[in-house]
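Here the protein sequences come in this chain order: A and B.
Taking my numbering, the leading residue of the first sequence gets 1, the next gets one more, and so forth.
Taking my numbering, the leading residue of the second sequence gets 130, the next gets one more, and so forth.
Using N, Cα and C, we set each Cβ at its ideal position, and we do this for glycine too.
Okay, structure first, notes after.
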Amino acid sequence: MVGIVIVSHSSKVADGIRDIAQQMAKNVNIIAAGGTNDGEIGTDALKIQEAILKANTGNGVLIMVDLGSAVLSAETALEFLDEELRHNVCIADAPIVEGAIVAAVQASTGAVLKDVLKTAVGAYTLRKV
Amino acid sequence: MSKHVAAIIAIAQAIIKNKEYLTELDREIGDADHGINMAKGFEAVISKISSLDEDKDIGFVLKTVAMTLISSVGGASGPLYGTAILRAAVPAAGKFEIDSLTAQAMWEAAVTGIKDRGKASRGEKTMLDALEPALEAFSEGVKADKTIFDCLKLASTAAQNGVEYTKSIAASKGRASYLGERSIGHQDPGATSSFIMITALLDFFRSQGSV
C-alpha cells in the first residue's frame, strides 16, 4: 500500500490532517512531519526523510505539503533517499487537507502511487458550496 | 580548532549578530523570521562543528554545516543554504586548503544548488541577486590572477551592490512575492544574509593577516 507523509509548518496541522485522513483509511501508513526539530513553526528535511522511510512499505510514498519551505524541504529530503526509493516518492501539487484525505482513501484500496497522486491532485476540483 | 572551522564560526557569529536586522528586513516583506531562523541554524552549526575533530577536511565540515542548517533553520533558507553548502562541499572533499579555482568551483556549485532548489533566477529579489554577481566578480578576479583575498573583496562589493539592486525590483519568489509590486523599495533579507556571510569571510581573512 502507498504510504503518505504530511508536511506542514505546524506540527499540530500535520498531526491533525493525519488524524482526519487516518479516520477514513485506517490501514494506510500516514506519517506526520510538521514543524521543526525543536517544535517551532517551520519544516525540517531530515524529519521528512525519516517520515518517508517510516511511511514506505515497499509501494512508494506520496508527500502532501502546505506551502513555501515545505516544498523545498520535501525536495531536499528526496535528495537524501537512495535512488530506488527516490523514484518511488512524489510530492503532490494539491490542497493539503482535501488531498491527503482522498489520497488516503485511494491508497487504502491498494492503488499504485501514480493513481494515488492523481487522486490527490484531483482534490483541486472539489467544490465545498 | 582548524582554520576552516574558525572561518565558519566567524560567518555564524556575523549572522547571529545580525539576527534582529535580518528579522526586521523580513518583517517588512515576509514573515519576520529570517534572522531568527538563520541565527537558530548557525547557533546549532557552532555547537556542532566546535566539537569536530581537528582532522576533518573542509568537505566534511561543510557537509556537517549543511545538514545542520537543513534540519534546524525551519524556513526556506534552511534547504536553500543547506543545499548550496552541500553542493559546495563536493569540490572541497578531502581538502584542507582552498585555492581560488576550487573556491570558484565551490561557489558555482552553491549557486547552481540554490537555483535547482528554489527554481529561481537572478532578478527575482532573492539571495541569488547577491550570490550570482558576487560569483561573477570572484571569477573575474580569479581570471585576472588576483589573490583569493582580493577576489573575495570584489565578491563582497558585488554582493553589496546586489543587495542594493533588490530594493529596485519586485519579488516573484518566496513569501515576499505575495506583496508583488509593494515589495519594491525594500531590500531582500536573503540577499542581505548572503552579503553578510561573504563579508564575514572577508573580515575573517583580514583578521588572519592574509591580506
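Would you give the residue range spanned by the alpha helix (DSSP H) that residue i belongs to?
i, result
"Ala168/B", "163-179"
"Ala143/B", "132-146"
"Ile203/B", "With the sequence shown as reference, residue 203/B is identified as Gly, and Ile is not the correct amino acid for it. Gly203/B -> no alpha helix (DSSP H), and no H or E assigned at all."
"Val159/B", "The displayed chain sequence assigns Gly, not Val, to residue 159/B. Unbroken run through Gly159/B: none, as it is neither H nor E."
"Gly122/A", "113-122"
"Gly99/A", "96-108"
"Leu85/A", "83-86"
Can you give me the start and stop residues for the beta strand (DSSP E) that residue i sits inside?
i, result
"Ile6/A", "3-7"
"Val129/A", "No beta strand (DSSP E) contains Val129/A, which DSSP labels as neither H nor E."
"Ala92/A", "89-92"
Measuring CB to CB, does residue i end up less than 8 Å from residue j?
i, j, result
"Ala111/A", "Met64/A", "no"
"Thr119/A", "Ser201/B", "no"
"Ile199/B", "Leu53/A", "no"
"Leu117/A", "Asn59/A", "no"
"Ile4/A", "Ile30/A", "yes"
"His315/B", "Glu153/B", "no"
"His163/B", "Gly211/B", "no"
"Gln49/A", "Leu85/A", "no"
"Asp156/A", "Ile20/A", "Residue 156/A cannot be examined here, being either before or after the span of chain A that is shown, 1 to 129."
"Asp258/B", "Ala329/B", "no"
"Cys222/B", "Asp186/B", "The amino acid occupying residue 222/B in the given sequence is Ala; Cys does not appear at that position. Yes; because the gap between Cβ atoms is below 8 Å, this pair is in contact."
"Val89/A", "Val61/A", "yes"
"Glu269/B", "Leu283/B", "yes"
"Ile145/B", "Ala168/B", "yes"
"Thr341/B", "Asp155/B", "Residue 341/B is absent from the model: chain B starts at 130 and stops at 340."
"Ser8/A", "Gly39/A", "no"
"Ala143/B", "Ile175/B", "no"
"Val240/B", "Leu209/B", "no"
"Gln233/B", "Phe267/B", "yes"
"Gln106/A", "Asp115/A", "yes"
"Gly170/B", "Lys224/B", "no"
"Ser69/A", "Gly159/B", "no"
"Ala14/A", "Ala32/A", "yes"
"Ser108/A", "Asn56/A", "no"
Looking at the ligand GDP, does it come within less than 7 Å of residue i, judged from the CB to the closest heavy atom?
i, result
"Glu172/B", "Only the bare structure without any ligand can be found here, which leaves the ligand GDP out of the picture."
(request) Could you list the residues in the stretch 5-16 of chain A with a C-beta less than 9 Å from some C-beta on chain B, going in chain order? (result) His9
(request) Go through the stretch 261-339 of chain B residue by residue and report every complete run of the alpha helix (DSSP H) that reaches 4 residues or more, in order. (result) 277-295, 318-336
(request) Ignoring anything shorter than 4 residues or poking outside the stretch 12-69 of chain A, list the alpha helix (DSSP H) runs there in chain order. (result) 45-55
(message) With three or more C-beta pairs closer than 8 Å as the rule, is the stretch 64-74 of chain A touching the stretch 221-229 of chain B?
(response) no
(request) Could you name each continuous alpha helix (DSSP H) segment of 4 residues or more that falls completely within the stretch 210-252 of chain B, going from the start of the chain to the end? (result) 229-247
(request) Residues of the stretch 173-184 of chain B with a CB closer than 8 Å to any CB of chain A: list them in chain order, please. (result) none
(request) Anything in the stretch 205-226 of chain B with a Cβ closer than 9 Å to a Cβ of chain A? List those residues in chain order, please. (result) Ala205, Ser206, Gly207, Pro208, Leu209, Gly211, Thr212, Leu215
(request) Would you list, in chain order, the members of the stretch 149-161 of chain B that have their beta-carbon closer than 9 Å to a beta-carbon of chain A? (result) Correct list: Asp160.
(message) Counting only Cβ-Cβ distances shorter than 8 Å, please list the residues of the stretch 237-257 of chain B near chain A, keeping chain order.
(response) Arg246, Gly247
(request) Residues of the stretch 46-79 of chain A with a CB closer than 8 Å to any CB of chain B: list them in chain order, please. (result) Contact residues of the stretch 46-79 of chain A toward chain B are Leu46, Lys47, Gly68, Ser69, Leu72, Ser73, Glu75, Thr76, Glu79 (C-beta to C-beta distance below 8 Å).
(message) Any contact between the stretch 292-304 of chain B and the stretch 238-257 of chain B? By contact I mean 3 or more CB pairs, one from each, below 8 Å.
(response) yes
(request) Please confirm if the stretch 182-197 of chain B is in contact with the stretch 133-144 of chain B, defined as three or more CB-CB distances below 8 Å between the two stretches. (result) yes
(request) Check each residue of the stretch 299-321 of chain B: if its Cβ is closer than 8 Å to any Cβ of chain A, include it; give the result in chain order. (result) Listed in chain order, the positions of the stretch 299-321 of chain B with a beta carbon within less than 8 Å of a beta carbon of chain A are Gly303, Arg304.
(request) Would you be able to state if there are at least three C-beta pairs under 8 Å between the stretch 173-183 of chain B and the stretch 213-220 of chain B? (result) no
(message) To be precise: take each residue of the stretch 95-115 of chain A, compare its Cβ to all Cβ atoms of chain B, and keep it if any distance is under 9 Å. Which residues remain?
(response) Result list empty, no residue passes.
(request) Could you please tell me which residues of the stretch 20-38 of chain A, in chain order, have their CB closer than 9 Å to any CB of chain B? (result) Gly35, Thr36, Asn37, Asp38
(request) Scan the stretch 189-203 of chain B for residues whose Cβ lies nearer than 9 Å to a Cβ of chain A and list them as they occur along the chain. (result) If the cut-off is 9 Å between Cβ atoms, the stretch 189-203 of chain B has Met196, Ile199, Ser200, Ser201, Val202, Gly203 near chain A.
(message) Across the stretch 305-314 of chain B and the stretch 268-288 of chain B, are there enough close Cβ pairs to call them in contact, namely three or more that are closer than 8 Å?
(response) No, because fewer than three Cβ pairs between the stretch 305-314 of chain B and the stretch 268-288 of chain B fall closer than 8 Å, the two stretches do not touch.
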